[in-house]
Ligand code: 13P
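In the working numbering, the protein residues as written are 31 to 277.
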């Protein structure tokens, strides 16, 4: 069984001040004996400030993106080594917004995954189908292909040591959530694809998770927690969702 985990993706929202405020509220509300690991993914520029505030808490920090390259002449990029240096334990790779808006291919995502792991940062590999792919009954095939691209580059064992987040594109930021059954079906298929080594891999669900729908999703046997967008920008709401991972 994967370990329980709750992650908040702040995306490109907020100011330095609002990031500090949210981090402070989370650190105040966070119980030291919480079982589920909590991670926040602030905008890159706010990571040092958030990292300072959360240094004495049990909340981990991650980045929303990483370069596929190591340090060098890559103007505008940020390497996994730099993220590690700033206290990032995790990084999102292959978020659907990166794939759709910034044109990241399965191959690029796989290279980013490898760069993160090589530097000692744990990648959270995001996968998921579009609305039309679901309508065409291609969901399981699309998700399996996204995961296979990474397995082909780094090997199955390395993928099993990461975290995988299933985020159906049609459920992101839309208020529409996959039903617990729909989500479980995909999570079970991912678990099967990973085989024996994947029995303890942490699998997250993401896509319009809120405190009203989280309990049923997190009860599913192959869902170990959530990757939360909008609802992670409000400390109380995010804390309420986090408690449901452990319920
Ligand atoms: P929402 O929770 O806002 O739908 O975003 C989900 C997501 O993309 C998390 O990475």
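Built from N, CA and C at the ideal position, the CB exists for glycine as well.
{"Query": "Do you know how far the Cα of residue 263 is from the Cα of residue 60?", "Result": "15 Å"}
{"Query": "Is residue 69 near the ligand 13P - that is, is its Cβ less than 8 Å away from at least one heavy atom of it?", "Result": "no"}
{"Query": "Given 8 Å as the limit, is there contact between the region 207-226 and the region 244-260, that is, 3 or more CB pairs closer than that?", "Result": "yes"}
{"Query": "Looking at the ligand FAD, does it come within less than 8 Å of residue 160, judged from the CB to the closest heavy atom?", "Result": "Within the structure as shown, the ligand FAD is missing, the only ligands being the ligand 13P."}
{"Query": "Within 8 Å, do at least three Cβ pairs link the region 228-236 to the region 178-195?", "Result": "yes"}
{"Query": "Can you find at least 3 beta carbon pairs, one from the region 108-122 and one from the region 83-95, that sit closer than 8 Å?", "Result": "yes"}
{"Query": "Only counting the same chain, and skipping five residues up and downstream in sequence, which positions put a Cβ closer than 8 Å to that of residue 173?", "Result": "157, 158, 159, 196, 216, 219 and 220"}
{"Query": "Using the C-alpha atoms, what's the distance from residue 96 back to residue 108?", "Result": "6 Å"}
{"Query": "The alpha helix (DSSP H) that contains residue 80, what's its start and end?", "Result": "77-84"}
{"Query": "Classify residue 239: buried if its beta carbon has 16 or more other beta carbons within 10 angstroms, exposed otherwise.", "Result": "buried"}
{"Query": "With distances taken from CA atoms, which of 133, 77, 236 and 155 is nearest residue 200?", "Result": "236"}
{"Query": "For residue 141, I'd like the list of residues in its chain whose CB is within less than 8 Å of its CB, leaving aside the five on either flank, ordered along the chain.", "Result": "98 and 183"}
{"Query": "With a threshold of 8 Å (Cβ to nearest heavy atom), would residue 118 be considered close to the ligand 13P?", "Result": "no"}
{"Query": "What ranges does the alpha helix (DSSP H) occupy inside the region 147-205, keeping only unbroken runs of at least 4 residues that lie completely in it?", "Result": "161-165, 169-184 and 186-190"}
{"Query": "Decide yes or no for the touch test of the region 72-81 against the region 36-50: beta carbon pairs closer than 8 Å, at least 3 of them.", "Result": "yes"}
{"Query": "Considering only residues of the region 31-96, which uninterrupted beta strand (DSSP E) runs meet the minimum length of 3 residues and lie entirely inside it, listed in chain order?", "Result": "35-39, 67-71 and 89-93"}
{"Query": "Is residue 105 helix, strand or coil by DSSP?", "Result": "coil"}
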